[in-house]
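Quick note: the sequence shown uses numbering that gives the first Met the number 0, first residue 0, plus one each step.
Ideal Cβ placement from N, Cα and C applies to all residues, glycine included.
Remember, it's a predicted structure, so these values are computed and weren't measured experimentally.
Report on the following structure.
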Amino acid sequence: MALGTAESAVAARTRIRAGRHAGPTSGLAPGFAQANLVVLAADEALDFLRFCVRNPRSCPLLEVTDIGSPHPVALAADADLRTDLPRYRVFRDGELVDEPTDVTRYWREDLVGFLLGCSFTFEWALAAAGLPLAHQAQGVNVPMYLTSRRCVPAGPFAGPLVVSMRPFAPEDIPRAAAVAARFPAMHGAPVHIGDPAALGIADLSAPDFGDPVRIGPGEVPVFWACGVTPQAVALESRPGLAIFHAPGHMFITDRAHVEFDCQEQAL
0 MALGTAESAV AARTRIRAGR HAGPTSGLAP GFAQANLVVL AADEALDFLR
50 FCVRNPRSCP LLEVTDIGSP HPVALAADAD LRTDLPRYRV FRDGELVDEP
100 TDVTRYWRED LVGFLLGCSF TFEWALAAAG LPLAHQAQGV NVPMYLTSRR
150 CVPAGPFAGP LVVSMRPFAP EDIPRAAAVA ARFPAMHGAP VHIGDPAALG
200 IADLSAPDFG DPVRIGPGEV PVFWACGVTP QAVALESRPG LAIFHAPGHM
250 FITDRAHVEF DCQEQAL
């Protein structure tokens with residue numbers, strides 16, 4: 000698959016910033032990694048950093064911005080985290096208060112942005128390996144579920160692991176797991192394969208985020224740690240202000256997928 004050019008990532012962010020794209024970002028800027036967004040006050044940032052270190056599968060940390068700065072200098076120096084995602088979710092004291100397309104009015108000089116790895120990168124690698132993805136074939140957002148597994152807490156941050164699910168034929172699962180494992184900065188290998196009840200998931204047709212997918216005859220659900228986990232944690236930890244991406248509406252970086260491929264980097 001072609002990697003595209005740096006301009007394609009810039010062009011996608013420009014369209015988003017101008018309000019010309021407000022939907023999910025899957026398929027935008029082909030070849031370029033995308034990221035989950037978490038924004039918190041500086042006095043909560045160190046505890047959240049500890050949370051990421053203790054929960055690397057769900058919160059693989061790519062970048063932390065300077066206090067008050069909306070610019071991710073390592074991943075896309077010209078970008079603005081206040082405007083360059085198609086849709087956001089704003090929480091106050093653990094309550095969802097807004098889902099805007101621009102968070103400039105919420106930005107404060109004490110805010111810190113965290114960018115976390117996104118499964119779109121290993122999805123790119125799965126597709127390149129000839130492993131089709133049900134949600135893409137069905138034209139929907141990937142399904143995501145709250146689980147009964149608890150994250151390792153850090154300070155006030157505690158809560159359930161969120162997982163995303165992709166079904167595969169049994170014979171394809173070892174290869175899918177091996178491909179995803181090459182991208183530890185993008186959630187890596189699956190955390191569970193098979194019975195959803197083992198994760199406390201009662202009904203695969205009723206995801207907590209995203210959309211349900213049809214599971215074909217004989218296919219097995221495969222679950223990955225998901226970057227929506229911090230949003231579930233925010234419901235329990237109740238920070239005064241927290242800003243996130245809307246599920247599936249990611250930040251597009253200037254970094255190519257292959258830069259996060261451990262196998263590629265080892266060559």
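Keeping to the same chain, check which residues put their C-beta closer than 8 Å to that of residue i; ignore five residues upstream and five downstream.
i             : result
alanine 157   : Arg149, Cys150, Val232, Glu235, Ser236
proline 166   : Ala133, Val212, Ile214, Gly215, Glu218, Val219, Pro220, Val221
aspartate 260 : Ala124, Arg181, Phe182
alanine 40    : Arg107, Asp109, Leu110, Val111, Pro238, Gly239, Leu240
glycine 93    : Ala233, Leu234, Glu235, Ser236, Arg237, Pro238
alanine 1     : Caution applies to alanine 1, whose pLDDT of 37 falls short of 50 and renders its modelled position unreliable; the value that the coordinates give is listed next. Excluding positions up to five away in sequence, the list reads Pro29, Gly30.
Just curious, the alpha helix (DSSP H) that residue i is in, first and last residue?
i                 : result
leucine 48        : 41 to 53
serine 236        : 228 to 236
histidine 244     : From DSSP, histidine 244 is part of no alpha helix (DSSP H) but of the beta strand (DSSP E) over 240 to 244.
phenylalanine 119 : 119 to 127
alanine 179       : 172 to 180
alanine 136       : 133 to 136
Do residue j and residue i come within 8 Å of each other at the CB atom, strictly closer than that value?
i                 : j                 : result
glutamine 33      : phenylalanine 113 : no
glycine 18        : threonine 100     : yes
histidine 256     : tryptophan 106    : no
alanine 28        : isoleucine 251    : yes
leucine 130       : valine 38         : no
alanine 78        : arginine 12       : yes
leucine 84        : methionine 249    : yes
valine 162        : alanine 224       : yes
serine 7          : glycine 247       : no
proline 206       : aspartate 46      : no
phenylalanine 243 : tyrosine 87       : yes
proline 51        : glycine 226       : Here the sequence assigns cysteine to residue 51, which means proline is not the residue at that position. Contact: no.
threonine 64      : proline 55        : no
histidine 186     : phenylalanine 121 : yes
For residue i, which residues from the same chain have a beta carbon less than 6 Å from its beta carbon, with the 5 sequence-adjacent residues on both sides left out?
i             : result
alanine 128   : Val178
isoleucine 15 : Asp83, Pro85
In chain order, what residues of the same chain have a beta carbon less than 7 Å from the beta carbon of residue i, not counting five sequence neighbours either side?
i             : result
alanine 5     : With a pLDDT of 45 at alanine 5, under the threshold of 50, the modelled position of this residue cannot be trusted; read the value that follows with caution. So the list reads Asp253, once near-sequence residues are dropped.
glutamine 262 : Arg181
glycine 3     : In this prediction, glycine 3 has a pLDDT of 40, which is less than 50 and means its spatial position is unreliable; what the coordinates show is noted afterwards. Around glycine 3: Ala28, Pro29, Gly30, Phe31.
alanine 245   : Arg86, Tyr87, Arg88, Glu98
proline 189   : Ala176, Ala179, Val221, Phe222, Trp223
Between which two residues does the beta strand (DSSP E) holding residue i run?
i              : result
tryptophan 223 : 219 to 224
glutamate 94   : 94 to 97
valine 151     : Where valine 151 is concerned, there is no enclosing beta strand (DSSP E), given that its DSSP letter is neither H nor E.
alanine 205    : Taken as a continuous stretch (DSSP letters only), alanine 205 belongs to no beta strand (DSSP E), as it is neither H nor E.
valine 63      : 60 to 63
serine 163     : 159 to 167
valine 111     : 110 to 116
So residue i packs on residue j, CB below 8 Å; how close in whole Å?
i           : j             : result
arginine 53 : alanine 184   : Their Cβ separation, rounded to whole angstroms, is 16 Å, which puts arginine 53 and alanine 184 out of contact at 8 Å.
valine 139  : aspartate 210 : 4 Å
contact_flag[the segment 55 to 71, the segment 194 to 202] where n(CB pairs < 8 Å) is 3 or more: no
Three or more C-beta pairs under 8 Å: does that hold for the segment 238 to 246 against the segment 166 to 176? no
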